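Chains as they are written, first to last, in this note's numbering: chain A, 1 to 355; chain B, 356 to 710.
Even for Gly, the Cβ is constructed at its ideal location relative to N, Cα and C.
Small disclaimer: the values here were computed from a predicted structure and weren't measured.
Here's the structure we're looking at; comments come further down.
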């Protein structure tokens, strides 16, 4: 964190011009449109409700931010959600005590995360391929566990945790999200670990040569990602009170969109949880608004896909436009310098113009 | 002996040979497990399903060679199949050739949208195609009319399409669909080996920066790769429609994962620059073989398919990293020893650049 000497109002203005400021503007626009369509839109209960609908994806998006900033990607999270929910439901169905079933599901998450991490850090394969294989394989394991049935008998206490508010109007998942968001922000921005996540994302070779244990850090991240994904899978199953083999299928699209729209670079090394938090708010409200406008879930997903592309395309175009403007300004300045000079140099200037 | 052998056989060819052995071993193994395995009906069913996968996977190979990914092919296959199917069931007098052109044209259009964003918009391919995968699928789901295409509504030639034979020897029948796939493989293998465009794909994948500095039209080459991938997916969509006839909005869901698996198992590097259409044919054959055989194998539930598929991808990629790349270095070294003239030129160049 650079503490500059510029006064606060100016710094705030600068922030407004940044990507995050743009996100804030977009968020306000979405809010205004939605609340004008539906009267009780901004009430606490509706906002809590809307948050709850996407809370599992939001929790994973926080973890995914770490991974993408680190220069990797984890496509297997959605399948892992299904796998942990499936493990828990199947074990409970077979008569295993509910606490043990939940614990086993979390262990599955840890193991699968470590499995991903093994191929990425020890064998040295690209994370995209490893987690793509994970996406297929873990979903395949869910099919093995649950087959084409649906399991709707889940532990009662888990259903209560998932469906009833815990403190005030907030259910457990929402509280967990805020706890994770705050601890994640502190870890990423203010701890040595967070600095290393950025450093490795910017240039992993430089990080390795400066003595950073890159492998260990990546391993920790992927194990944590597996754990968080399995936790989110349990929360999802608890909220729905049932699970099938296709539970949480395709969630990775929303999750990655949340992170990238939040200004995190897909190449790693830049971005912040602040932006991701804003983009989560935008996507939640956008999806909700589209639902209010009776758009089907598939169209909503299509719009999210478009948003994902735009969130990378627009900054790209803006930067190339800026580069072109800068080049033109340079040309004009060179022109003017040549114009004001003597006649022999005017030959040069005309040559410059020809170029 | 060894050195002369190295001169004629490349590591990639050894890898393909191993793959052929594995496929033969699998056929022999399943032959002992499944009754009536060596029959013409098994061959027809296997070869037609492999044919569709092969056509998609060859397009994916081109994209992989440039160090990109195309996750949208499954949705393109689904959309073209559904689109052409709907058109045919409304306008029964569309000639077959026009329907084929319609399918390929639609695929080309979708592929060029991907290619434009990747090559000219400089958006990473994983983002673009993750987004368009959702967009194209949403287009299928929201396609006006009833959400289903029925075999009985199609014109007669389309109903007969999957049963047309190119030739028949005794019980052995080669279906038209299979012949199309074989032609695609041969044409694209020749293109990759002999046409300048094919060689440029390898050049770009091996080292994008070097290719750009050497003055290759980088953007155009990548763009065309995506266009071709889309066109082949469109062709596969046509074959898909002809084979299944009855289509729903989830047609060809998940084909992209199988295609990527076929490409990777077939020896194409995920880092670009290595691979062939013939290898992809072998990869697709192996995956189609496993897929169809597991369906019929009593000992293991069919739900294990995807779990095994994921593991297969990991093993193929890890095996490449561990063995094939090492072989390649040995080959390169012996090449230097074989041709002293090459070694001296390299040494001379090094001394020139060193001074």
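query                                                                                                                                                                                       : result
In three-state DSSP terms, what is residue 187 of chain A?                                                                                                                                  : helix
Against residue 563 of chain B, what residues of chain A qualify as contacts under a CB-to-CB distance less than 9 Å, listed in chain order?                                                : Correct list: empty, because the minimum Cβ distance to chain A is about 14 Å.
Could you tell me which of A:210, A:120, A:174, A:213 sits nearest to residue 49 of chain A, measuring between CA atoms?                                                                    : A:174
Helix, strand or coil for residue 347 of chain A, going by three-state DSSP, please let me know.                                                                                            : For residue 347 of chain A, the predicted structure reports a pLDDT of 49, less than 50, and the residue's modelled location is therefore unreliable. A value from the coordinates is still provided. In this structure, residue 347 of chain A counts as helix in the three-state DSSP scheme.
Does residue 680 of chain B pass the burial test, meaning 16 or more other C-beta atoms within 10 Å, or should it be called exposed?                                                        : exposed
Which same chain residues, not among the five before or five after residue 598 of chain B, have their C-beta less than 7 Å away from its C-beta?                                            : 403, 407, 517, 532
Does the beta carbon of residue 554 of chain B sit closer than 8 Å to a beta carbon anywhere in chain A?                                                                                    : no
What does DSSP give as the partner residues of residue 522 of chain B in its beta bridges?                                                                                                  : B:529
So is residue 475 of chain B buried or exposed if we call it buried at 16+ other beta carbons inside 10 Å?                                                                                  : exposed
Considering only the beta carbon of each residue, do residue 214 of chain A and residue 207 of chain A sit closer than 8 Å?                                                                 : yes
Is there at least one Cβ from chain B nearer than 8 Å to residue 162 of chain A's Cβ?                                                                                                       : no
Using a 10 Å radius around the Cβ and a threshold of 16 neighbouring Cβ atoms, would you call residue 218 of chain A buried or exposed?                                                     : buried
Determine the DSSP secondary structure at residue 247 of chain A, reduced to helix, strand or coil.                                                                                         : coil
Closer than 8 Å, CB to CB, is residue 264 of chain A near chain B or not?                                                                                                                   : no
Taking only the alpha-carbon atoms, compute the straight-line gap between residue 594 of chain B and residue 244 of chain A and give it to the nearest angstrom.                            : 32 Å
In this structure, what does DSSP give as the bridge partners for residue 603 of chain B?                                                                                                   : B:503
Looking at chain A, is there any beta carbon in it that lies within less than 8 Å of the beta carbon of residue 710 of chain B?                                                             : Confidence in residue 710 of chain B is poor, its pLDDT being 41 and thus under 50, which makes the residue's placement unreliable; the coordinate value appears in the next sentence. No, residue 710 of chain B lies away from the interface with chain A (no Cβ there is under 8 Å from its Cβ).
Please confirm whether residue 614 of chain B has its beta-carbon closer than 8 Å to some beta-carbon of chain A.                                                                           : no
Quick check: what's the CA-CA separation for residue 113 of chain A versus residue 119 of chain A?                                                                                          : 10 Å
Cα separation between residue 461 of chain B and residue 437 of chain B?                                                                                                                    : 11 Å
Where does the unbroken alpha helix (DSSP H) through residue 223 of chain A begin, and where does it stop?                                                                                  : 214-240
Below 8 Å between beta carbons: does that hold for residue 492 of chain B and residue 444 of chain B?                                                                                       : no
When DSSP labels each residue in this structure, what does residue 295 of chain A get in the three-state scheme?                                                                            : coil
If you measure from the beta carbon of residue 93 of chain A to each beta carbon in chain B, is any gap under 8 Å?                                                                          : no
Establish whether the CB of residue 1 of chain A and some CB of chain B are separated by less than 8 Å.                                                                                     : Note that residue 1 of chain A scores 45 on pLDDT, short of 50, meaning its location in the model is unreliable and no value can be drawn from it.
Going by DSSP, what residues sit across from residue 165 of chain A in a beta bridge?                                                                                                       : A:171
Name the two residues that bound the continuous alpha helix (DSSP H) containing residue 208 of chain A.                                                                                     : 204-209
On the premise that residue 634 of chain B lies in contact with residue 621 of chain B, defined as a C-beta separation below 8 Å, what is that separation, rounded to the nearest angstrom? : 4 Å
How about residue 510 of chain B: is its C-beta nearer than 8 Å to some C-beta of chain A?                                                                                                  : no
Residue 678 of chain B to residue 127 of chain A, Cα distance in whole Å?                                                                                                                   : 20 Å
Report the start-end ranges of each beta strand (DSSP E) in the stretch 408-439 of chain B that is 3 residues or longer and not cut off at the edges.                                       : none
Please name the residue in B:602, B:579, B:412, B:471 whose C-alpha comes closest to that of residue 502 of chain B.                                                                        : B:602
Look at the Cβ atom of residue 142 of chain A, then the Cβ atom of residue 82 of chain A, and state whether they are nearer than 8 Å.                                                       : yes
Roughly how many whole angstroms lie between the Cα atoms of residue 641 of chain B and residue 522 of chain B?                                                                             : 24 Å
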